[in-house]
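A short write-up of the structure that comes next.
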Amino acid sequence: MSNICISNQKNIERAAKIIKTGGLVAFPTETVYGLGANVYNAQAVANIFAAKQRPHFDPLISHIAEVDFLKEYAATDERVFALAKRFWPGPLTMVLNRVEENPSIDLACSGLRTLTVRMPNHPTALALIKQSGVPIVAPSANKYQSISPTTAQHVAEGLGNKVDMILDGGACAVGVESTIIDLTGKNVVLLRAGGTAKEDIEEFLGQKILISAGNPDLPTAPGQLLRHYAPKNSLRINVSQPQDDEFYIGFGAIQGDLNLSKSGNLAEAASNLFAYLRLADARAKNGKIAIAPIPDNGLGLAINDRIKRASYKRKS
Ligand code: TXA
Ligand code: MG
């Protein structure tokens with residue numbers, strides 16, 4: 077039996093009860109579906125890692141519904157509040173220093189001295205957080221390293237009964253995960269390109285953002301693993317001339333078997349990306365997928381980041 081429940085007031089109330097009593101709820105955000113738990117309940121947080129088969133060195137994002145809550149939770153300053161005012165609710169995640177010894181959130185933070193926070197721009201997510209009365213930690217609701225879910229069905233396919241309830245709020249509008257910036261130092265450092273364009277943050281701050289090259293083997297640079305978001309089939313990127321036996325995902329004037337955005341709109345392409353990778357997985361006849369070149373500006377940076385990692389081949 078499916079545990080997908082339509083997002084309405086009654087089901088959000090039930091979901092909040094599940095969160096409060098230590099269960100797991102998958103819920104929609106504007107970026108991708110999250111697998112949520114009460115940040116202060118270490119057992120529930122441990123169950124997230126287990127359900128996703130995610131290594132414990134990879135910390136989780138706390139989702140909050142009120143900016144004021146930040147003061148209790150993390151080290152803040154004017155820059156943090158200005159960014160929150162401009163970009164929240166929305167797909168921007170901030171890495172901040174933790175304020176006090178709070179061992180109950182150690183697991184969610186993978187023992188780091190920093191924590192990550194965002195306020196999602198989705199009515200279901202915001203209502204769920206408010207009614208739960210606690211920050212909800214939520215990674216994307218998929219198995220570790222596989223394609224992120226942008227519908228409730230995707231969550232059910234990947235995690236099934238490992239989740240107590242899946243709140244169905246329809247397809248995610250943004251379609252790629254939040255942009256993550258590190259604000260623990262003087263500079264602003266981009267850790268993950270995502271649904272908020274780097275250019276927009278730079279324009280707002282009036283300064284350039286540094287890009288972290290990241291070390292895929294180091295726990296202090298999580299989210300930068302070389303292989304991630306991966307389809308089952310092999311994937312080639314930046315392909316203008318596909319081979320006859322490749323399932324070809326096009327963009328703009330390049331039609332392909334499926335087109336991420338005929339008009340070359342990067343926001344539309346981002347919202348289609350993960351669903352199209354799943355479709356390509358199902359339809360590719362010879363185990364091969366290719367993707368047309370995508371411009372590397374705006375949301376294109378996030379798209380290229382995802383498909384680069386998705387195309388990474390393990391050395392065997
Ligand atoms: O859009 C999103 O951000 C979605 C929705 C559900 O909110 N969440 C999401 O979570 O993408 P997840 O766990 O799949 O990705 C969060 C990334 C991870 O790669 C993790 O390594 C990184 O954020 N991260 C979390 N805490 C961190 C920290 N303190 N320092 C550096 N990176 C951190
Ligand atoms: Mg993820």
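When we follow my numbering, the leftmost residue of the sequence shown carries the number 77, and every step to the right adds one.
Just so it is clear, CB atoms sit at the ideal spot from N, CA and C, and this is done for glycine as well.
- If one requires a minimum length of 3 residues, the beta strand (DSSP E) runs lying completely within the segment 82-124 are 101-103 and 110-114, in chain order.
- Closer than 6 angstroms to some heavy atom of the ligand MG: that describes the Cβ of P215.
- Taking 6 angstroms as the cut-off, one finds at least one heavy atom of the ligand TXA near enough to the beta carbon of T105.
- Take E89, set aside five residues on each side of it, and the residues of its chain with a beta-carbon closer than 8 angstroms to its own are Q207, in chain order.
- Just measuring C-alpha positions, the residue of K219, I140, K161 and M170 sitting nearest T200 is I140.
- The continuous stretches of alpha helix (DSSP H) do not include I181, and DSSP gives it neither H nor E.
- Of the residues D333, V231, N237 and D240, the one whose Cα lies closest to the Cα of C248 is V231.
- Here the segment 362-378 makes contact with the segment 321-335; the two share three or more CB pairs at distances below 8 angstroms.
- Looking from the CA of Y109, the closest CA among D153, Q229, Q331 and T260 belongs to Q229.
- Here S316 is not bridged, per DSSP, to any residue.
- Ranking R162, V143, L286 and G271 by CA distance to the CA of T260 puts L286 first.
- The Cβ atoms of K274 and K128 lie no closer than 7 angstroms to each other.
- Spatial neighbours of A343 in its own chain (CB-CB distance under 7 angstroms, excluding positions within 5 residues in sequence) are listed in chain order as L375.
- Contiguous beta strand (DSSP E) elements confined to the segment 326-369 occur at 330-332 and 364-367, taking only those with 3 or more residues.
- The DSSP-derived three-state label of A249 is coil.
- Three or more Cβ pairs drawn from the segment 139-156 and the segment 192-199 lie within less than 8 angstroms of each other, which places the two stretches in contact.
- Counting along the chain, S138 sits inside the beta strand (DSSP E) bounded by residues I137 to H139.
- The alpha helix (DSSP H) runs of length 4 or more contained entirely in the segment 203-233 do not exist; there are none.
- The Cβ neighbour count for T97, taken over all protein chains shown within 10 Å, is under 16; the residue is labelled exposed.
- N380 is not bridged by DSSP to any residue.
- Exposed is the label assigned to E177, since fewer than 16 other Cβ atoms lie within 10 Å of its Cβ.
- Looking at N173, T226 and D134, the one whose alpha-carbon comes closest to that of G246 is T226.
- Close CB contacts of D357 within its chain, under the 8 angstroms cut and outside five residues either way in sequence, are with I223, P307, K308, N309 and I365 (chain order).
- The criterion of a C-beta distance shorter than 7 angstroms is satisfied by L168 and T272.
- Taken atom to atom, the span from the alpha-carbon of I80 to that of G282 is near 44 angstroms.
- DSSP lists I365 as the bridge partner or partners of F323.
- In this structure, the C-beta of L100 stays at least 6 angstroms away from each heavy atom of the ligand TXA.
- V252 has its alpha-carbon roughly 17 angstroms from the corresponding atom of I313.
- For D276, the enclosing alpha helix (DSSP H) has its first and last residue at K274 to L281.
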